[in-house]
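A short write-up of the structure that comes next.
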Amino acid sequence: MAADQHDKNVSRRRFLATSGVAATTVAMTAKSYGKVLGANDRIRVGFIGVGGMGGGHVRACLKLKESDNLEFLGVADCWKTRADAAAKQLDTDSYSDYRKVLDIKEIDYVTIATPEHWHSTMTVDAMDAGKDVYCEKPMTHSIPQAQEVIKKQKETGKAIQVGVQGMSDDSYSSAAKAIEEGVIGQVVQAQIEYVRRYDTQGPWRKRPSVEGQPQPADLDWDAWLGHAPKLDWNPHHYFEWRNYSQYSGGICTDLFIHRITRIMKACNLLYPRRVVGMGGIWQWPDGRDLPDNFEMICEYPRGMTVYVLGTMSNRVGIDHLVRGYRGTLYFTGNGWVAKDKDGKILDQHKKSGGEDIVLHHNNLHNHLRNGEELKCPTELGLAGVVAVNMANESWRTNQMMGWDRKNEKMVPANELDQSHMPEEEA
Numbered sequence: 002m003a004a005d006q007h008d009k010n011v012s013r014r015r016f017l018a019t020s021g022v023a024a025t026t027v028a029m030t031a032k033s034y035g036k037v038l039g040a041n042d043r044i045r046v047g048f049i050g051v052g053g054m055g056g057g058h059v060r061a062c063l064k065l066k067e068s069d070n071l072e073f074l075g076v077a078d079c080w081k082t083r084a085d086a087a088a089k090q091l092d093t094d095s096y097s098d099y100r101k102v103l104d105i106k107e108i109d110y111v112t113i114a115t116p117e118h119w120h121s122t123m124t125v126d127a128m129d130a131g132k133d134v135y136c137e138k139p140m141t142h143s144i145p146q147a148q149e150v151i152k153k154q155k156e157t158g159k160a161i162q163v164g165v166q167g168m169s170d171d172s173y174s175s176a177a178k179a180i181e182e183g184v185i186g187q188v189v190q191a192q193i194e195y196v197r198r199y200d201t202q203g204p205w206r207k208r209p210s211v212e213g214q215p216q217p218a219d220l221d222w223d224a225w226l227g228h229a230p231k232l233d234w235n236p237h238h239y240f241e242w243r244n245y246s247q248y249s250g251g252i253c254t255d256l257f258i259h260r261i262t263r264i265m266k267a268c269n270l271l272y273p274r275r276v277v278g279m280g281g282i283w284q285w286p287d288g289r290d291l292p293d294n295f296e297m298i299c300e301y302p303r304g305m306t307v308y309v310l311g312t313m314s315n316r317v318g319i320d321h322l323v324r325g326y327r328g329t330l331y332f333t334g335n336g337w338v339a340k341d342k343d344g345k346i347l348d349q350h351k352k353s354g355g356e357d358i359v360l361h362h363n364n365l366h367n368h369l370r371n372g373e374e375l376k377c378p379t380e381l382g383l384a385g386v387v388a389v390n391m392a393n394e395s396w397r398t399n400q401m402m403g404w405d406r407k408n409e410k411m412v413p414a415n416e417l418d419q420s421h422m423p424e425e426e427a
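In structure tokens, the structure reads:
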């Protein structure tokens, strides 16, 4: 690569590292909003979806109620029993229809913790209703949906915090600075994993507890399905939705999104050039249509690959690290350490923060009050959605997927004239 081209690439990565802004999105600061909160203004929160992860949002916001001056103004869940229980905790009203929460004018932001297939619709509806959003990961179920969310964000100027809570650990922003400064030299590869070992049942199965369970009288099944294919009540689809592609991307979107986002932050990556997803339904052929063991490799335009391992049959992991020509940066439980080929320490960092939903909400509150940079904004959310969807599509279609920059969509890689050299990211 010519020196001037290398300088351009470095300059671009430096811009991304310092500003957190992708070329296809608009930086969002407190000044962007039609309604700017004062430093001492109360923040009013509504909740959409209060099941497993949604309950975590309820507990996190209750912890922050006094310190962050919060008020709770409405809970929605298509299973009214769940909504009522959360509303009792929060001392507010409950609804079966999420739009009733969006109708509450006083609400500043809503949390969205529903199955993935609802994320985009609810996020867009929330912005149309004048609300900021904390949306669980992945930001959306598909790439076009993520692009729709960003388009609506540009129109409304609303804030969106994507629920990749690991971004509230400063290890990755700190690593980005060290890598940019050349501590480990030219980066060529990174690896990371999300491994588990399930017992007699595969990922996310809850049998026999849900086997044959009748539809609760106060659960609106049609509302839960939304735009997904219509089918009669099925407790496995409701309670174990991560196993079905109508609602989720499984291992890739539910787990890998946490990991690939860390590497994207550390290495200042946007959209992969090529992606391969491999795996299968190898151990639990129980009606799921998503793999129970999976791995992916992403190639990025800066000239590096990222490998993600995701076995659900064995919990022995691999080191989380970034490889450079001069050395290797290892992520640890306390931060990171960079070493040369002989083991000499080149640099190290003791982390602050952590993978913490409380910190992630607090960051959004500070963003609304004083423009603090969001830990996981939509440009990072979109980049993650692109990578994991390309991996899943590669697995489904038995082909390598490529990113068509011009048309901003994934296509079979052999349809593109892709470079094999480092290049400027689009």
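For the sequence shown, counting from 1, position 250 maps to 251 in our numbering; every step adds exactly one.
Positions of the beta carbon are idealized from the N, C-alpha and C atoms, including for glycine.
For clarity, every value in this text was computed on a predicted model and none was experimentally measured.
Sequence-distant residues of the same chain with beta carbon closer than 7 Å to residue i, five excluded per side
i: residue 166; result: 356, 357, 358, 361
i: residue 353; result: 171
i: residue 1; result: Since the displayed the chain opens at 2 and closes at 427, residue 1 lies outside it and no answer follows.
i: residue 99; result: 49, 77, 123
i: residue 373; result: 364, 367
i: residue 115; result: 49, 50, 123
i: residue 208; result: 202
i: residue 343; result: none
Own chain partners of residue i with C-beta closer than 8 Å, once the 5 adjacent residues on each side are dropped
i: residue 250; result: 117, 139, 142, 291, 389, 390, 393
i: residue 108; result: 45, 46, 47, 74, 75, 102, 132
Whole-Å CB distance - residue i paired with residue j, under 8 Å assumed
i: residue 172; j: residue 337; result: 5 Å
i: residue 164; j: residue 199; result: Actually they do not touch by this definition, with Cβ atoms about 23 Å apart.
i: residue 192; j: residue 301; result: Not a contact, Cβ separation roughly 14 Å.
i: residue 132; j: residue 103; result: 6 Å
i: residue 330; j: residue 160; result: That pair is no contact at about 31 Å.
i: residue 224; j: residue 79; result: 4 Å
i: residue 324; j: residue 341; result: Incorrect: roughly 12 Å between the Cβ atoms, too far for contact.
i: residue 403; j: residue 274; result: 7 Å
i: residue 128; j: residue 377; result: Their Cβ separation, rounded to whole angstroms, is 17 Å, which puts residue 128 and residue 377 out of contact at 8 Å.
i: residue 375; j: residue 162; result: 6 Å
i: residue 185; j: residue 339; result: 5 Å
Residue closest to residue i, alpha-carbon to alpha-carbon, out of the options
i: residue 59; options: 79, 67, 144, 87; result: 87
i: residue 176; options: 212, 85, 269, 248; result: 269
i: residue 396; options: 280, 106, 316; result: 280
i: residue 111; options: 75, 275, 285, 119; result: 75
i: residue 414; options: 424, 407, 408, 400; result: 400
i: residue 206; options: 289, 260, 65; result: 289
i: residue 130; options: 151, 106, 137; result: 106
i: residue 424; options: 314, 333, 305, 345; result: 305
i: residue 190; options: 84, 154, 183, 264; result: 264
i: residue 120; options: 55, 335, 317, 282; result: 55
i: residue 287; options: 93, 137, 241; result: 241
i: residue 283; options: 204, 410, 351; result: 204
Chain-order list of residues whose beta-carbon lies under 6 Å from that of residue i (same chain, five-residue window excluded)
i: residue 179; result: 348
i: residue 420; result: none
i: residue 236; result: 211, 214
i: residue 315; result: 198
i: residue 260; result: 193, 195, 309
i: residue 27; result: Because residue 27 carries a pLDDT of 40, less than 50, the predicted location of this residue cannot be relied on, and no value is offered for it.
i: residue 23; result: Residue placement at residue 23 is poorly supported in this model, since its pLDDT is 41, which falls under 50; the coordinates are not used for a value here.
Cβ of residue i within 8 Å of any chain B Cβ
i: residue 361; result: The structure shown contains no chain B, having only a single protein chain.
Touching by the beta-carbon criterion (3+ pairs, under 8 Å), the segment 263-280 and the segment 226-245: no
Decide if the segment 281-296 is in contact with the segment 310-323; the criterion is three or more beta carbon pairs, one per stretch, under 8 Å apart. yes
Would you call the segment 42-50 and the segment 64-80 touching, i.e. three or more CB-CB distances under 8 Å? Yes, since at least three Cβ pairs between the segment 42-50 and the segment 64-80 fall closer than 8 Å, the two stretches touch.
Looking at C-beta atoms only, is the number of pairs between the segment 379-386 and the segment 143-154 that lie closer than 8 Å three or more? yes
Ranges of the beta strand (DSSP E) found wholly within the segment 99-160, counting only runs of at least 3: 110-113, 133-137
Starting from the N-terminal side, write out each stretch of the alpha helix (DSSP H) that is 4 residues or longer and does not extend beyond the segment 349-414. 358-371, 379-398
Pick out the complete alpha helix (DSSP H) segments inside the segment 183-220, 4 residues or longer, and give them in chain order. none
Contained beta strand (DSSP E) runs [length at least 3] in the segment 238-295, N- to C-terminal order: Here the runs fully enclosed are 275-281.
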